[in-house]
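Trainee:
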Amino acid sequence: MQVKNEKDFWAGLMFIAFGLAFALIAVGPPAALVELGRQLGWKIQYGYPMGSAVRMGPAYFPTVLGGLLAVLGAIVFVRSFFSKLPRAATAVQMSFNLADLAIGVAVYALLAWLSKRVFGTADWGMMAGSVVLAALAFVYRPKAKPIVLIVASAMVFAYLLKPLGLVASSILLVFVAALGGHEYRTKEVAILAVVLAIFSVLVFVKGLTLPFPVWPAFLQ
Amino acid sequence: MEGIVGKLGLGFEVVFTLKQFDWELFGTTLAVKLPFNVLMCLIGALLGTLIGVLPGVGPVATIAMLLPITFNLDPIGALIMLAGIYYGAQYGGSTTAILVNLPGESSSVVTCLDGYQMARRGRAGPALATAALGSFFAGCFATLVVALFAPPLAEVALKFGPAEYFSLMVLGLVAAVVLAHGSLVKAVAMVILGLLLGLVGTDVNSGVLRFAFGIPELADGIGFVVVAMGMFGIAEIVTNLEQAEKREVFTKKVSHLWPTREDFRRMMPAVLRGTFLGSALGILPGGGALLASFGAYTLEKKVSRYAHEFGQGAIEGVAAPESANNAGAQTSFIPLLTLGIPSNAVMALMIGAMMIQGIAPGPQVMEQRPQLFWGMIASMWVGNLMLVILNLPLIGMWIKLLTVPYRLLYPTILLFMGIGVFSLSNNPFDVLIMAFFGVLGYICVKLECEPAPMILGFILGPLMEENLRRAMLLARGDALVFVQKPISAAFLLAALVLLALIAAPNIRKKREQVFVEET
Chain A
1 MQVKNEKDFW AGLMFIAFGL AFALIAVGPP AALVELGRQL GWKIQYGYPM
51 GSAVRMGPAY FPTVLGGLLA VLGAIVFVRS FFSKLPRAAT AVQMSFNLAD
101 LAIGVAVYAL LAWLSKRVFG TADWGMMAGS VVLAALAFVY RPKAKPIVLI
151 VASAMVFAYL LKPLGLVASS ILLVFVAALG GHEYRTKEVA ILAVVLAIFS
201 VLVFVKGLTL PFPVWPAFLQ
Chain B
1001 MEGIVGKLGL GFEVVFTLKQ FDWELFGTTL AVKLPFNVLM CLIGALLGTL
1051 IGVLPGVGPV ATIAMLLPIT FNLDPIGALI MLAGIYYGAQ YGGSTTAILV
1101 NLPGESSSVV TCLDGYQMAR RGRAGPALAT AALGSFFAGC FATLVVALFA
1151 PPLAEVALKF GPAEYFSLMV LGLVAAVVLA HGSLVKAVAM VILGLLLGLV
1201 GTDVNSGVLR FAFGIPELAD GIGFVVVAMG MFGIAEIVTN LEQAEKREVF
1251 TKKVSHLWPT REDFRRMMPA VLRGTFLGSA LGILPGGGAL LASFGAYTLE
1301 KKVSRYAHEF GQGAIEGVAA PESANNAGAQ TSFIPLLTLG IPSNAVMALM
1351 IGAMMIQGIA PGPQVMEQRP QLFWGMIASM WVGNLMLVIL NLPLIGMWIK
1401 LLTVPYRLLY PTILLFMGIG VFSLSNNPFD VLIMAFFGVL GYICVKLECE
1451 PAPMILGFIL GPLMEENLRR AMLLARGDAL VFVQKPISAA FLLAALVLLA
1501 LIAAPNIRKK REQVFVEET
């Protein structure tokens, strides 16, 4: 068997995974497994109550929908072996592959967990993860720079807004985001960053009175 | 009829009400009386045109960004402004389509076909004028349609029970699937994925925390704004960046705007047909500006005497879809104002805006808050008038804006998105979720799974579950209740017919053709 439609192949798998995940979490593991887990000292959660058609429990709707999604995913998946569309139209052109995605998620999760243990908050891990992934993208996956750096810029902005204030974090966002583009001109980006920082302080903090700190916390 | 005139009068009164502003200036208090709602309408129209002109920023992202800010505003003014952004974007979108051959707005995709060809033949001016005048006519007409049709519909809607609501939402979701490009199965799967994601958080009936993985921020569910910004905003920026920038701006000066007598003769019927069709398609759940413009172009190509000129700069090919998208944008407020059901992502944001102000959307709004309801309708007409002025004499300003390169634009958009999302709850976690949906949206785009049906499913998920549960409880678990109640049965039948229609082989081929031609 040969995959004739790459897009449908992966889309089908994605739908099956999402559908099964939602349905299985809703239903929960079998009672015997939960009991076994208890004895081994693990915390395994039961599923949600299913209820009946008259009084639907919280598990009812998601289980039905999750099952339906998995079935539709299976249809898309099977269909991908019989597609007659030209190869060029069905090839997936992603800037990263499944392994990259897994590494990315793992880096964020690991650093967030570490930071939670050391500092008591996951925030620093999120920022460190963004920096690590940006570096990895620069070295190994230049094509994935847009997605990694755009995501990183948003994360850096969000997690630095409270400690560093709006001015510094928006300047950082503009620089990191600009690195994700095709042409990077330091002078132009610098001007843009300063203009945007001033604009957002005037409009959002002064004008619309959003409760953002303007300057870094350590300066006050 | 007389009642409508009186109520529209009330609406205009609301729009033109002067509000006193006290400014502290150099120790003295300056009291200025300003027509606050007219100002809000102007701001909305300006912003709408701006983001309509700029490719890559849509009304969904803009309204989502502004949503948290409207908290501090008066409800009528806030909704008037947000509505202005949506229909304003329909005006702005055509400018980019005609001059750059890029859809400034997704609903202007079809305008590119003939509008750009007109511009290449040195007829950019008449094309722009046609788009603006057609939109204006359609806007005025659609305002009337909303005023006439909303009240009786709301009366009917008051009688709706949970079964009717559930079936209506099914119809809406099916309509969203029809709208989607490409594979039908994938579109349905995306709707279901959206429904499931909408269930994350505390279950209202039992208080059980679902799919929250012990994260406290997820107890209230995933915010719609966050999902929309990720799926539309972030994903779009990334896909734009992956393609090298190749924008050819029509820098030649746009001269002689006014269409010739011959142009007027040819565009009139197209504008009329576009307006009627657009108004009708806008009312459908799942409808709105996008569906309207596609529908109008296809219809025009069928019935026009100049069908052979389509694709080579036929003025009908600009007039019809541009009138239709504006009409559709406005009439899509009807399901929102009468049923409390959003027919597209923008309307879902409007629900969000109403909720922020403590207004539960639904048929009772018209009775309880006539000023809000009629004020909003009257503001649409005022807004359309402003937009013609903004878009015809001031067109040069918008053309200049088109020369701003994308590399300066996207960090700006990103910053505003970040500020908007962060301000929702002053928590970086929302931005994390936005990033998650950005990556998911990117993957979906690459796998040709449309995000639009997913978003609609996401909005309707909790509502649907709630109504399904109530209907089943009332019917003692008898699922036949959905076909026994006549209105509910009619909705389900319509959904079935719609599904059968697109699944039928020759119509499916046609549908694929329409989408292929236009991409």
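Sequence lines, in order, name chains A and B.
Residue numbers for the first sequence follow my numbering, so the first one is 1 and each next one is one higher.
Residue numbers for the second sequence follow my numbering, so the first one is 1001 and each next one is one higher.
Using N, Cα and C, we set each Cβ at its ideal position, and we do this for glycine too.
Computed from a predicted structure; not experimentally measured.
Quick one: grab the DSSP three-state call for B:R1210.
Mentor: Of the three classes helix, strand and coil, the one that applies to B:R1210 here is strand, per DSSP.
Trainee: Looking only at its own chain, which residues have a Cβ that is under 6 Å from the Cβ of B:G1438, when we skip the five neighbours before and after it?
Mentor: G1230, I1234, A1235.
Trainee: Chain A partners of B:M1454, CB-CB under 8 Å?
Mentor: Correct list: empty, because the minimum Cβ distance to chain A is about 11 Å.
Trainee: Buried or exposed: where does B:M1464 fall if 16 or more other Cβ atoms within 10 Å of its Cβ makes it buried?
Mentor: Classification for B:M1464: buried.
Trainee: Is B:N1072 buried or exposed, if buried means 16 or more other CB atoms sit within 10 Å of its CB?
Mentor: Exposed, because fewer than 16 other Cβ atoms sit within 10 Å of the Cβ of B:N1072.
Trainee: Pull out every residue of the segment 1149-1170 of chain B whose Cβ sits closer than 9 Å to any Cβ of chain A, in chain order.
Mentor: Residues: none.
Trainee: For a test of the three-state rule: what should DSSP assign to A:V3, helix, strand or coil?
Mentor: Coil, per DSSP.
Trainee: Could you tell me if A:L98 is buried or exposed, where buried requires 16 or more neighbouring beta carbons within 10 angstroms of its beta carbon?
Mentor: Looking at its Cβ environment, which holds fewer than 16 other Cβ atoms inside 10 Å, A:L98 is exposed.
Trainee: Starting from A:K162, trace the alpha helix (DSSP H) in both directions and tell me its first and last residue.
Mentor: Its alpha helix (DSSP H) spans residues 145-179.
Trainee: Could you say if the segment 1192-1206 of chain B and the segment 1400-1420 of chain B meet the contact criterion of at least three C-beta pairs nearer than 8 Å?
Mentor: The segment 1192-1206 of chain B vs the segment 1400-1420 of chain B: no contact.
Trainee: Going along chain A in order, which residues have a C-beta closer than 7 Å to the C-beta of B:Y1116?
Mentor: In chain order: nothing, as chain A lies at least about 25 Å away.
Trainee: Just the C-alpha distance for B:T1275 and B:I1334, rounded to the nearest angstrom, thanks.
Mentor: Near 16 Å, if we compare the C-alpha coordinates of B:I1334 and B:T1275.
Trainee: Cβ atoms of B:E1300 and B:A1320: under 7 Å apart, would you say?
Mentor: Yes, these two residues count as a Cβ contact at 7 Å.
Trainee: Taking beta-carbon pairs under 8 Å, can you tell me which members of the segment 194-207 of chain A lie near chain B?
Mentor: Residues L196, S200, F204.
Trainee: Which residues does DSSP pair with B:T1111 in a beta bridge?
Mentor: For B:T1111, which the question treats as bridged, DSSP gives no partner whatsoever.
Trainee: Determine the chain A residues that contact B:D1203 at a beta-carbon separation under 8 Å, and present them in chain order.
Mentor: Near B:D1203 (Cβ distances below 8 Å), the residues of chain A are Y48, P58.
Trainee: Closer than 7 Å, Cβ to any Cβ of chain B: which residues of the segment 96-124 of chain A, in chain order?
Mentor: Listed by position, the residues of the segment 96-124 of chain A near chain B (Cβ gap below 7 Å) are D123.
Trainee: Please check if any C-beta of chain B sits within less than 7 Å of the C-beta of A:K80.
Mentor: The identity of residue 80 of chain A in the sequence shown is Ser, whereas the question assumes Lys. Cβ-Cβ to chain B under 7 Å: no for A:S80.
Trainee: If I'm right that B:Q1484 touches B:I1076 with Cβ under 8 Å, what's the distance once you round it to whole angstroms?
Mentor: The Cβ separation is near 41 Å, so there is no contact.
Trainee: With three or more beta-carbon pairs closer than 8 Å as the criterion, would you say the segment 56-66 of chain A touches the segment 1460-1477 of chain B?
Mentor: Yes: at least three Cβ pairs fall under 8 Å.
Trainee: Measuring only the C-alpha atoms, how far is B:F1482 from B:P1216?
Mentor: The straight-line gap from Cα to Cα measures roughly 37 Å.
Trainee: Can at least three beta-carbon pairs, one atom from the segment 1373-1386 of chain B and one from the segment 1143-1157 of chain B, be found at a separation below 8 Å?
Mentor: Verdict: yes, contact present.
Trainee: Could you work out which residue in B:I1389, B:G1352, B:Y1406, B:I1399 is closest to B:L1067 when comparing CA atoms only?
Mentor: Ranking B:I1389, B:G1352, B:Y1406, B:I1399 by Cα distance to B:L1067 puts B:G1352 first.
Trainee: Give the interface partners of B:N1072 over in chain A, defined as CB-CB distance under 8 Å, in chain order.
Mentor: Here the neighbours are L208, T209.
Trainee: Nearest-angstrom Cα distance between A:V201 and B:A1189?
Mentor: Their backbone Cα atoms lie some 42 Å apart in a straight line.
Trainee: Which residues, taken in chain order from the segment 64-94 of chain A, show a beta carbon closer than 7 Å to some beta carbon of chain B?
Mentor: Within the segment 64-94 of chain A, the residues whose Cβ lies closer than 7 Å to some Cβ of chain B are L65, G66, L68, L69, L72, G73, I75, V76, V92, Q93, M94, listed in chain order.
Trainee: Using 7 Å as the limit for Cβ to Cβ distance, is B:V1346 near chain A?
Mentor: False, the Cβ-Cβ gap to chain A never drops below 7 Å.
Trainee: Along chain A, in chain order, which residues have C-beta atoms closer than 7 Å to that of B:M1434?
Mentor: What B:M1434 touches in chain A: A154.
Trainee: What residues of chain A sit near B:E1242, judged by a beta carbon separation below 7 Å?
Mentor: Correct list: S95, P146.
Trainee: Is B:T1130 near B:M1267, with beta carbons less than 7 Å apart?
Mentor: Yes, they are a contact pair.
Trainee: Is it right to say B:D1478 is buried, meaning 16 or more other beta carbons lie within 10 angstroms of its own, or is it exposed?
Mentor: The residue in question, B:D1478, is exposed, as its Cβ has fewer than 16 Cβ neighbours within 10 Å.
Trainee: Find the nearest neighbour of B:V1346 within the set B:N1037, B:S1094, B:A1132, B:E1105, judged by alpha-carbon distance.
Mentor: Comparing Cα positions, the closest option is B:E1105.
Trainee: Tell me, which residues are paired with B:L1415 by DSSP?
Mentor: Partner(s): none; B:L1415 has no beta bridge.
Trainee: For my contact list, B:A1228 and B:G1288 are in at a C-beta cut-off of 8 Å; report their separation, rounded to the angstrom.
Mentor: Going by Cβ atoms, the distance from B:A1228 to B:G1288 rounds to 15 Å, so no, they are not a contact pair.
Trainee: Between which residues of its own chain and A:L164 is the CB-CB distance below 7 Å, once the five residues before and five after are set aside?
Mentor: If we look at A:L164 and ignore the five residues flanking it on each side, its Cβ neighbours are P216.
Trainee: Might you give, ordered along the chain, the residues of its own chain that have their beta carbon closer than 7 Å to the beta carbon of A:R38, omitting 5 neighbours on each side?
Mentor: Correct list: empty, nothing qualifies.
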